[in-house]
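Visitor:
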Amino acid sequence: MHRTRTTIVVAAIAALAMCAPASANYRVGLSEQNAAVFSQPAWQALKLKRIRYIIPWDYAKDPGQKAEADTFLNAARAANQDVLLMFTARRGCWNGRTYSKSSACKAPSTSAYKKAVSAFRKEHSWVKTYAPWNEANHVSQPTSKSPKRAAQYYATLRSVCGSKCKVMAADVLDQSTVKKWLTDFIKYSKNKGRLWGLHNYKDVNRKQSKGLTTVLKTVPGEVWLTETGGITTFAPDFPTSATRAAASTKYMFTLADRFDSKKKGYKSKLTRLYVYRWFGETGNWDSGLVNVDGTPRPALEQFAKYAAKRQK
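Going by mature numbering (1 follows the signal peptide of the UniProt record, and there is no 0), the letters in the sequence shown line up with residues -24 to -1, 1 to 288, in that order.
1) Could you compute how far the alpha carbon of residue 41 sits from the alpha carbon of residue 35?
2) For residue 104, which three-state DSSP category applies?
3) Count the other CB atoms within 10 Å of the CB of residue 102; is the residue buried (16 or more) or exposed (fewer)?
4) Give the DSSP-derived three-state secondary structure of residue 268 in the structure shown.
5) Does the segment 115 to 130 touch the segment 177 to 185, meaning 3 or more C-beta pairs lie closer than 8 angstroms?
6) Does DSSP put residue 70 in a helix, a strand or coil?
7) To the nearest angstrom, report how far apart residue 29 and residue 69 are at their CA atoms.
8) At which residues does the beta strand (DSSP E) containing residue 146 begin and terminate?
9) List the DSSP bridge partners of residue 245.
10) Should the segment 144 to 158 be regarded as contacting the segment 96 to 115, the criterion being three or more beta carbon pairs within less than 8 angstroms?
11) What is the residue span of the alpha helix (DSSP H) that residue 160 lies within?
12) Measure the C-alpha to C-alpha separation of residue 141 and residue 98 and round it to an integer number of angstroms.
13) From the DSSP output, which residues share a beta bridge with residue 175?
14) Select from 5, 201, 94 the residue whose C-alpha is nearest the C-alpha of residue 244.
15) Buried or exposed for residue -4, please, with buried defined as at least 16 other CB atoms from any protein chain shown within 10 angstroms of its CB.
16) Considering only their Cβ atoms, is the gap separating residue 220 from residue 2 smaller than 9 angstroms?
17) Ends of the alpha helix (DSSP H) at residue 134?
18) Between which two residues does the beta strand (DSSP E) carrying residue 40 extend?
19) Determine the burial state of residue 262: buried for a count of at least 16 other Cβ atoms within 10 Å of its Cβ, exposed for fewer.
20) Restricting to Cα atoms, I'd like to know which of 154, 167, 216, 209 is closest to residue 187.
21) Please report the straight-line C-alpha distance between residue 64 and residue 33, rounded to a whole angstrom.
22) Measure the C-alpha to C-alpha separation of residue 240 and residue 233 and round it to an integer number of angstroms.
23) Determine the DSSP secondary structure at residue 229, reduced to helix, strand or coil.
24) Run through DSSP, which three-state label would residue 261 get?
25) Quick check on residue 24: does DSSP put it in helix, strand or coil?
26) Measuring CA to CA, which of 269, 246, 228, 248 is closest to residue 254?
27) In terms of DSSP beta bridges, what is residue 64 paired with?
28) On the DSSP bridge list, what partners appear for residue 58?
29) Is it true that the CB of residue 143 sits closer than 9 angstroms to the CB of residue 171?
30) Cβ atoms of residue 62 and residue 27: under 9 angstroms apart, would you say?
31) Going by DSSP, what residue range makes up the beta strand (DSSP E) through residue 5?
32) Decide if residue 86 is buried, meaning its Cβ has at least 16 other Cβ atoms within 10 Å, or exposed.
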């Protein structure tokens, strides 16, 4: 039964991808951490060209983490994906409530950061798109109270890349302090950033636009929704509901359509979005387009319907 339903959905996705005309000024990708996505028939039918992947800044020190990252990146390369690579905090420093105060979890020095990203660039020179730090203003990251340090990472990654890759200035969450954090970041980075990342779950799942419009009015250039999508489960605010997640996925595109060109009074426009994520999860957070076993959810049908027009 599962196989039959999946086959029907795959056929429908393929039909949408073939007949849908381009109708938006932004492009669509997927944010995912599981390399199994590349072998999913439903993902293949979408013909997505872009994927976002996150690795701890010091991942190479742990053989298991390095093997995990190499497996994903090799699979992404084989699938001809344009990877948006983001560095993030050391694994285990955030327990879901508090960030560890241990010395190992402190923000790396700029020299340590440079050594790590240079090594990554040397090994994976084919990756051309980067963000210096994931969700840099959130308490789960050592940069949350230091936009200055985040700006230093931006400058460092730009120096490592030179003209060979595209570097996002800052990637942030749409929390209440985002404007102040970004304003400080712009000051410390000497207003050099022209590409920005935003996670706007609040907008998408509460059918609002405040998070996105705040950022669009604050930063110059282009904004990518680097992590967004309909939430299936996030207790206690979002009890499990695949139907609600599908409706939020539809609204995600409605919102993006409104801001894919610069409006009067705004400094930037939306030019890309990455939905998070493909596979469902069994914990307190679940925003997957498919179930844990890979069977489709209603959100996948909504995503396929609207993403098909934005694949160029």
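Beta carbons are placed, not taken as given, at the ideal position from N, Cα and C, and that holds for glycine.
Computed from a predicted structure; not experimentally measured.
Guide: Walking through what the data contain:
1) Cα-Cα distance, rounded: 6 angstroms.
2) In the three-state reduction of the DSSP assignment, residue 104 falls in the coil class.
3) With fewer than 16 other Cβ atoms from the protein chains shown falling within 10 Å of its own Cβ, residue 102 counts as exposed.
4) Residue 268 sits in coil when the DSSP states are folded into three classes, being neither helix nor strand.
5) Segments in contact, no.
6) Note: residue 70 maps to strand in three-state DSSP.
7) Going by the C-alpha atoms only, they are around 19 angstroms apart.
8) 146 to 149 is the extent of the beta strand (DSSP E) around residue 146.
9) Bridge partners of residue 245: 198.
10) Cβ pair count under 8 angstroms is three or more, so yes.
11) Counted as a single uninterrupted DSSP element, the alpha helix (DSSP H) harbouring residue 160 occupies residues 154 to 164.
12) Residue 141 and residue 98: Cα-Cα distance of roughly 13 angstroms.
13) Answer is 149, 203.
14) Comparing alpha-carbon positions, the option among 5, 201, 94 lying closest to residue 244 turns out to be 201.
15) For residue -4, the predicted model reports a pLDDT of 48, less than 50, meaning its position is unreliable and no value from the coordinates is stated.
16) With respect to residue 220, residue 2 sits apart: the two C-beta atoms are not nearer than 9 angstroms.
17) From DSSP, the alpha helix (DSSP H) with residue 134 extends over 123 to 137.
18) It is not in any beta strand (DSSP E) - residue 40 instead sits in the alpha helix (DSSP H) that spans 39 to 54.
19) Residue 262 comes out buried.
20) Taking only the C-alpha atoms, the option nearest residue 187 is 154.
21) Roughly 6 angstroms between the two C-alpha positions.
22) Looking at the two C-alpha atoms, the distance is approximately 16 angstroms.
23) Correct three-state label for residue 229: helix.
24) Strand at residue 261.
25) In the structure shown, residue 24 sits in coil (DSSP, three-state: anything other than H, G, I, E or B).
26) Scanning 269, 246, 228, 248 for the CA closest to the CA of residue 254 turns up 269.
27) 32, per the DSSP bridge assignment.
28) Its beta-bridge partners are 26.
29) The Cβ atoms of residue 171 and residue 143 lie closer than 9 angstroms to each other.
30) Pairing residue 27 with residue 62 gives a Cβ-Cβ distance that is not under 9 angstroms.
31) Counting along the chain, residue 5 sits inside the beta strand (DSSP E) bounded by residues 3 to 7.
32) Classification for residue 86: exposed.
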